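Residue numbers (our numbering), protein chains in the order written: chain A, 111 to 587; chain B, 111 to 587. Heads up, the beta-carbon is just placed ideally off N, CA and C, and yes, glycines get one too. Only a predicted model underlies this, so the values are computations on that prediction, with no experimental measurement involved. Some notes on the structure that comes next.
So, in structure tokens, the structure goes:
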């Protein structure tokens, strides 16, 4: 294993190093497609498990729709095809023959799913219809980076249809709240929530709501989005229902998604010079037990006790790995599990057993004196539960402090542009609402991350007009 | 809703009717690709949950590999490309440009995964390497039928590498046992296990082991397979490791899979004239509660009690749906949930509440007198648990009886060919091992489903040579 690049001086290289050293991803032979190795995939499984339960609690049901979509379907919604056509992977041949109509690999499934909705929705009794799909999608991206922007990625995409626009907007908002709750309380990443500007909206949406995180290098990362599609797709696919007054109506639709990008957010939000730090609530391994011994006799005693402890903790639903590998030294194991960000390390040796104690090591604590604590085996479960809970809270608190410190108040672009270019960070400014002023940000590789509900700034960050809304400006991944 | 076709006279149409009426699948705009509607997908989720746990218990880890594979990769293993090239869907254009090398959508992932294995396996310490993937695959099939043979389907594919051939064979066998246990004890489908003949082997395998079920129309269905690949892919992808004696060696590989076809097997194994019958251990809904009332006053009393009961049962980990839909009559609900195969229906009305009882209705029981039982609310949980357990056992027993009755002893093809053609069924015969004799079966649309360990028959079913092994002959899906 090699040392990670300096997190403060070369964040991009540090990120690349982590991906390899923590065995998260590997390059595949296809450009921009990465293999999710078992450790990364188990993080995704945990994300899925929690998010899936929350999604089902909204009355949404899972289903599965085809990977391949007729090319003509994409063209039915004008903005949608404009947004996605540069990114499509196209199947032209199959079963040894040229296809009559090319098929595209889904970049997202609005067209397929709303086509199916048109077969299923006949009456107001069929509404709301709430469907979710866990699937892979393909977008042919020019520049890729594991988790953040990849040619193929995994996600969930929710699609719903409602009787009224009001209901659709409320539902899309409730899903954004669901995402915010999940990202803050499980991934321990504080977010800024708001609407996207017209130019940053999803292709085909009336409203795009977003939650944005701020990574340790001060760049923003769009984490999850929830769209009010209103009538765009229900018109394109002729979804109609008989309303309570026996009139034909079009339903109002929403779509929303969360992707494997969340794993990238975890890395960039919580990692440190020693590697990942996994929030306990999402960690594939919450406690790693490293047995320490020299003689064969001690080995037997220590391993026996260590397995006992592992079982005790597992009975409390704590995810434990007892690393009894004979080929590695304890030091090498410490190093390995630190890189993988296991929140708690439990060390146990013959002397500890004599003293009826173990050592707990807190992955997050930087202060050497506080990092290690001796804990009696008798109340070990409680101590471990408390430590996991503390790490979860502390991780969020640290990230929250960083976020707040990094949201800079500013007025005019000229005043903050140097800071923005040199140090990144987020800037809370006013905006007149014009796309001309918005476009100025592109010249500095920044963008409007979201519109806020507040109106603290009087004037637009660029022109002399008065501000209609506060916005968050930042460079973004 | 329409009546299902006669299960005895038109099994194929009955199957099609069930797919629609039980809201399992719907036709998509892409030929051979079907939408898994929520009810079917929830069956798949239950299959995944149980199978995934069992697979992880073998020390196998989940990962995720790219959907798209360079066309040249398929060509590296001669038999593999021969087997799969007629079925490939090919991406020739992406991101608006023609690709330098076409990419195929994975029909299975041996080539991609063993290429990655060659990057990860360096020493005997890296072995065994056991990886599983839950994914979608595409095979361009000429004739498709939902669940049984579809252009895109969902599956898990396991891939392992071992130090010795012996270990690989034993592991592949243990996975076949795992599948057999799952299919018999959860899906309640009894199976015949054995090896495939050379002509029926997976393209690139040394040994293919299979479990075969026999559907209600007497046709066989291959349910799950486990392959010993030995050196085919490790040679093609140059996987090499340093063994304990510091020599370079090639690992022995296995691959194995279970697909959404299992849902088709459930339907065709257990359905009856009234619809599906879901084995309780895999049923998305184990108990449906149908409240029965006439007045508004009764409605409140009945719904309150029904929710209490639902909570009680849910606390015992029983999956319950309280169908409180006001738009439908109880009779329409009975019909709907019977078609969907919910194993237990619980009816409750004002009189039942006065008598502190409910009615339990057994979906499987055909005898009208035995179908319904009155049960005291006081020991309801226990009664429901027992009934679910009984249905699970009885369903397997019935299917097992049918299987045994349908395995006919026979000697010469001429003697059983008429029965085979008219009534399907399985025939246990001897075989000399020659592909010429095997080919005779194709003339009658039958095939060798598997080779057995026994040698009860003296002579080959076709030629005059002596038999080397017993085989099962049947027509198959």
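{"Item": "When DSSP labels each residue in this structure, what does residue 147 (chain A) get in the three-state scheme?", "Value": "coil"}
{"Item": "What are the boundary residues of the beta strand (DSSP E) that includes residue 537 (chain A)?", "Value": "536-541"}
{"Item": "On a Cα-Cα basis, can you pick out the residue from A:348, A:556, A:192, A:376 that is closest to residue 506 (chain A)?", "Value": "A:376"}
{"Item": "So for residue 594 (chain B), helix, strand or coil by DSSP?", "Value": "Outside the shown range of chain B, which is 111 to 587, sits residue 594 (chain B), and nothing can be said about it."}
{"Item": "What are the residues in the segment 256-268 of chain A lying within 9 Å of chain E by C-beta distance?", "Value": "Going by chain labels, chain E is absent from the structure shown, which instead holds the protein chains A and B."}
{"Item": "Examine chain B for any beta-carbon lying closer than 8 Å to the beta-carbon of residue 224 (chain A), and answer yes or no.", "Value": "no"}
{"Item": "I'd like to check one pair, residue 370 (chain B) with residue 286 (chain B): are the Cβ atoms closer than 8 Å?", "Value": "no"}
{"Item": "Would you say residue 175 (chain A) reaches chain B, if we count a Cβ-Cβ gap shorter than 8 Å as a contact?", "Value": "yes"}
{"Item": "Three or more C-beta pairs closer than 8 Å, one from the segment 495-510 of chain A and one from the segment 290-306 of chain A: is that the case here?", "Value": "yes"}
{"Item": "Is it right to say residue 142 (chain B) is buried, meaning 16 or more other beta carbons lie within 10 angstroms of its own, or is it exposed?", "Value": "buried"}
{"Item": "What residues in the segment 187-201 of chain B bring their beta carbon closer than 8 Å to a beta carbon of chain A?", "Value": "195, 196, 197, 198, 199, 200, 201"}
{"Item": "In chain order, which beta strand (DSSP E) runs of at least 3 residues are fully inside the segment 307-361 of chain B?", "Value": "317-324, 330-340"}
{"Item": "Excluding sequence positions up to five away, which residues of its chain have a Cβ less than 6 Å from the Cβ of residue 165 (chain B)?", "Value": "242"}
{"Item": "So is residue 204 (chain B) in contact with chain A if we call contact Cβ pairs under 8 Å?", "Value": "yes"}
{"Item": "With residue 287 (chain A) as the anchor, note down where its alpha helix (DSSP H) starts and where it stops.", "Value": "275-295"}
{"Item": "In or out: residue 414 (chain A) buried (at least 16 other Cβ within 10 Å) or exposed?", "Value": "exposed"}
{"Item": "Less than 8 Å separating the beta-carbons of residue 384 (chain A) and residue 428 (chain A)?", "Value": "no"}
{"Item": "Run through DSSP, which three-state label would residue 251 (chain A) get?", "Value": "coil"}
{"Item": "Please name the residue or residues paired with residue 259 (chain A) in a DSSP beta bridge.", "Value": "A:255"}
{"Item": "Comparing alpha-carbon positions, which option in B:119, B:139, B:156, B:567 lies nearest residue 394 (chain B)?", "Value": "B:156"}
{"Item": "From residue 123 (chain A) to residue 115 (chain A), what does the alpha carbon distance come to, in whole angstroms?", "Value": "6 Å"}
{"Item": "Between which two residues does the beta strand (DSSP E) containing residue 178 (chain A) stretch?", "Value": "178-180"}
{"Item": "With DSSP as the reference, identify every bridge partner of residue 243 (chain B), one or two as the case may be.", "Value": "B:267"}
{"Item": "Tell whether a beta-carbon distance below 8 Å holds between residue 367 (chain B) and residue 335 (chain B).", "Value": "yes"}
{"Item": "Determine, using beta carbons only, whether residue 133 (chain B) and residue 112 (chain B) come nearer to each other than 8 Å.", "Value": "no"}
{"Item": "Taking the beta carbon of residue 147 (chain B) as the centre, do at least 16 other beta carbons fall within 10 Å, making it buried, or is it exposed?", "Value": "buried"}
{"Item": "Just the chain B side, please: which residues come within less than 7 Å of residue 440 (chain A) by C-beta, in chain order?", "Value": "Those within 7 Å of residue 440 (chain A) in chain B number zero; the least Cβ separation is about 18 Å."}
{"Item": "So which residues on chain A does residue 143 (chain B) lean against when the C-beta distance must stay under 8 Å?", "Value": "176, 177, 178"}
{"Item": "Look at residue 292 (chain A) and residue 161 (chain A) and say whether their C-beta atoms are less than 8 Å apart.", "Value": "yes"}
{"Item": "Alpha carbon to alpha carbon, how far is residue 545 (chain B) from residue 246 (chain A)? Give it in angstroms, no decimals.", "Value": "41 Å"}
{"Item": "Look at the alpha carbon of residue 432 (chain A) and the alpha carbon of residue 398 (chain A), and state the distance between them as a whole number of angstroms.", "Value": "6 Å"}
{"Item": "DSSP state of residue 210 (chain A), grouped into three classes?", "Value": "strand"}
{"Item": "Within 10 angstroms of its Cβ, does residue 220 (chain B) collect 16 or more other Cβ (buried), or is it exposed?", "Value": "buried"}
{"Item": "Whose Cβ in chain B lies nearer than 8 Å to the Cβ of residue 172 (chain A)?", "Value": "148, 151, 152, 155"}
{"Item": "Taking just the CA atoms, how far does residue 320 (chain A) sit from residue 590 (chain A)?", "Value": "Residue 590 (chain A) is absent from the model: chain A starts at 111 and stops at 587."}
{"Item": "Buried or exposed: where does residue 479 (chain A) fall if 16 or more other Cβ atoms within 10 Å of its Cβ makes it buried?", "Value": "exposed"}
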